Amino acid sequence: MIPVNQIGLGLRPAYYADLIHEKPAIDWLEIVSDDFLSVGGMGPLILERLRLDYPMVMHGVGLSLGSADPLCWDYLHALKRLQDQVQPEWVSDHICWTGVDGWSSHDLLPMPRTEKTLAYLASRIHVVQAFLNRPLVLENITAYVDYAGNTLSEWEFMSCLAKKTGCSFLLDVNNLYVNARNRDETLEQALKNCPWEYVAQYHVAGHEETDSGLLLDTHRSSLSESVSALMATCWQHKPAPILLERDDHLPPLSELEQEMQSLKARLKEEDHA
Amino acid sequence: MLKDMQRAWKKHLCEGDDTDLAPYLENDSLNSKERLSVYQNAYWVRLVNTLIHDFPLLALEMGNNTFKEMAAAYLKTHEPSGFSLHHLGEHLPRYLSAQLKENHPLVEMAHLERMIHLIRLADNQPILSMSHIKERLAQGEPLLLKIHASVRFFSGQYNTLERWQAFSEQCLRPKLETLSERKHHVLWRGNNHQVNAWLVNDETHHDLSALVTGKSLQEWCDSSSETLSLDAAINRLVNKVFLWAEKGLLVDER
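Going down the list, the sequences are from chains A and B.
Its first residue numbered 1, the first sequence is counted upward by one per residue in our numbering.
Its first residue numbered 274, the second sequence is counted upward by one per residue in our numbering.
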């Protein structure tokens, strides 16, 4: 298991060479499963090489658990093949849907939160978990809109899902912050009912603000002070491994290492305090 | 109900029409047009950027804005399906040729860049080395020879391949030229994962094409022996196999 005080990095192609040749002291790596589902090309070779130096977890964006379409077995078989190759500490994806009628948005779209969708999602999570032979870790997404028919809060929904299926929760702290700000909720409200007992991993990332004050989950800047502080608060509630995500405007790897070290130092300080 | 709601999202993202989606959403500032547009922008930016990534020189040649307009129109007729973005550009060369002309230089570039994408993604089979062949032959062990999964053929009437190589290796952009005659190249992925190119004559093109399209070496030898003696056909085969192995085009499937 990855120790709870370790901070990992999202593996991106721009960092392959540095990671392979310089082996920087990064605690663990999270791969985007979907980037490695193809059996050919450099991907499998890179994973084979990096697995020797870093513990890995798999994070997917394409399970589409909430889609009205049947589960995609081609995707599941590819995921299982990758799981067999990588032997990850855990496998995660999102509570969302990505497409319908065979069309794919390649985006993470929000689920309505009702008893009916809860049961639907739970049944599909059961199937996936049985197929992969492991419990899933599922992430809260950024949602810029809410549904009129929602009858459960995000945390009630997540908590019920975990109870029904045995899955765990990947709490994306940046998404938590962005959603709270965009919904005019206080962070106290957001933190109050979080199902901490199910949290198995955290994500942190940067966000940006539009001229109108809307926060966007862009993953293309360093962590804001607010998200770092919120991360430390969450970690006090439930210590779990943290993953730094960066998808755009990628800085040199050393800059991200520094960011991870700063966050680690902050967690340590607050732990002592 | 879930399917209807998701179809309404699709209509919003693909067509910019949120009339079907609106009834599902909370009727307050949370669901303003700005918020919905975040999804629509992200959808188009992600897909168009994927095409720019897969067709980098085509995008440069067309100009960023023209490429984006073409890509958006293409995506309306070829909606993304399946879980992999690798398939997104599958039909783009054909789409472009319907918009322009089959022999337009941009169409040739689109075909080449799609081919390069597939070469890079082809299965990782260990390339057969000459020392492996010699070792096997010395031990009297048979070889089951096949063409490497990354091997493709590119025929061009412009200097498209040369321009792509100059761009990808040195960020240079030589001028477009029409060739005096159509040239055939074998393209494949080497051990170093570089895309290699070999200018071949019609005969080699014909021989290798037959193997790539599924003909076995046995069948190839049999068809050669229709015009040559069996000994001559075997000699010809052996010479070719050694040449192809030296180039790194073969795998041993045993």
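All C-beta atoms in this analysis are idealised placements derived from N, C-alpha and C, irrespective of residue type, glycine included.
None of the values given here were measured: they were computed from a predicted structure.
Cβ-based burial, residue i [other Cβ within 10 Å; buried from 16]
i, result
"B/Glu408", "exposed"
"B/Val511", "exposed"
"A/Ser67", "buried"
"A/His207", "buried"
"B/Asp525", "buried"
"A/Ile20", "exposed"
"B/Gly336", "exposed"
"A/Asp247", "exposed"
"A/Lys23", "exposed"
"A/His59", "buried"
"B/Ser502", "exposed"
"A/Gly10", "buried"
"A/Arg113", "buried"
"B/Lys283", "buried"
"B/Asn474", "exposed"
"A/Pro13", "exposed"
"A/Leu161", "buried"
"A/His219", "buried"
"B/Lys456", "buried"
"B/Thr433", "buried"
Proximity of residue i and residue j at Cβ, strictly below 8 angstroms
i, j, result
"B/Ser354", "A/Ser104", "yes"
"A/Asn179", "A/Trp155", "no"
"B/Leu369", "B/Val380", "yes"
"A/His203", "A/Leu138", "no"
"A/Tyr198", "B/Tyr297", "no"
"A/Leu108", "A/Cys96", "yes"
"A/Leu216", "A/Gly8", "no"
"B/Ile406", "B/Ala518", "yes"
"A/Leu253", "A/Asp18", "yes"
"A/Val127", "B/Lys276", "no"
"A/Val57", "A/Glu30", "yes"
"B/Gly521", "B/Ile325", "no"
Closest Cα partner of residue i within the set the options
i, options, result
"A/Trp28", "A/Gln6, A/Tyr147, A/Leu216", "A/Gln6"
"A/Tyr16", "A/Leu37, A/Asp35, A/Ile46", "A/Ile46"
"A/Thr151", "A/Thr233, A/Arg183, A/Asp18, A/Thr117", "A/Thr117"
"B/Tyr316", "B/Leu286, B/Arg527, B/Ile400", "B/Leu286"
"A/Pro88", "A/Glu209, A/Asp217, A/Ser38, A/Leu136", "A/Leu136"
"B/His377", "B/Glu363, B/Leu401, B/Ala506, B/Glu334", "B/Glu334"
"B/Leu294", "B/His364, B/Leu373, B/Phe356, B/Ala281", "B/Ala281"
"A/His272", "A/Glu255, A/Trp235, A/Leu250, A/Glu257", "A/Trp235"
"B/Glu454", "B/Glu386, B/Leu330, B/Gln430, B/Leu445", "B/Gln430"
"A/Trp90", "A/Ser38, A/Trp97, A/Arg134", "A/Arg134"
"B/Glu442", "B/Asn314, B/Glu492, B/Glu307, B/Leu330", "B/Leu330"
"B/Ser357", "A/Val100, A/Val61, A/Asp84, A/Leu170", "A/Val61"
"A/Phe157", "A/Pro55, A/Val227, A/Tyr120, A/Ser262", "A/Tyr120"
"A/His106", "B/Val424, B/Ile406, B/Met403, B/Tyr312", "B/Tyr312"
"A/Pro165", "A/Leu132, A/Trp196, A/Asn175, A/Ser123", "Checking the displayed sequence, the identity of residue 165 of chain A turns out to be Thr instead of Pro. Of the listed residues, the one whose Cα sits closest to A/Thr165 is A/Ser123."
"A/Val39", "A/Gln83, A/Arg51, A/Leu223", "A/Gln83"
"A/Ser226", "A/Phe169, A/Val127, A/Leu176, A/Gly149", "A/Leu176"
"A/Asn174", "A/Leu223, A/Glu115, A/Ser262, A/Ala265", "A/Leu223"
"A/Leu132", "A/Leu191, A/Asn182, A/Gln189, A/Cys167", "A/Cys167"
Chain B contact for residue i (CB, 8 angstroms cutoff)
i, result
"A/Thr186", "no"
"A/Gly41", "yes"
"A/Pro44", "yes"
"A/Gly8", "no"
"A/Leu132", "no"
"A/Val100", "yes"
"A/Cys72", "yes"
"A/Gly213", "no"
"A/Gly166", "no"
"A/His106", "yes"
"A/Val4", "no"
"A/Trp103", "yes"
8 angstroms Cβ cutoff, residue i in contact with chain A
i, result
"B/His347", "This sequence places Tyr at residue 347 of chain B; His is not what is there. No, B/Tyr347 does not count as interfacial toward chain A."
"B/Gly355", "yes"
"B/Asn337", "no"
"B/Asn397", "yes"
"B/Leu460", "no"
"B/Lys283", "yes"
"B/Met278", "yes"
"B/Tyr316", "yes"
Integer Cβ distance of residue i from residue j, believed to fall under 8 angstroms
i, j, result
"B/Ala470", "B/His458", "5 angstroms"
"A/Pro201", "A/Pro239", "What sits at residue 201 of chain A in the sequence shown is Gln, not Pro. The pair is not a contact, with the Cβ atoms about 11 angstroms apart (cut-off 8 angstroms)."
"B/Leu361", "B/Leu320", "7 angstroms"
"A/His249", "A/Ser212", "Rounded, the Cβ-Cβ distance is 22 angstroms, inconsistent with contact."
"A/Leu267", "A/Ala232", "6 angstroms"
"A/Ile2", "A/Pro44", "Contact flag wrong, Cβ pair sits at about 23 angstroms."
"A/Glu245", "A/Ala205", "4 angstroms"
"B/Val485", "B/Ile420", "5 angstroms"
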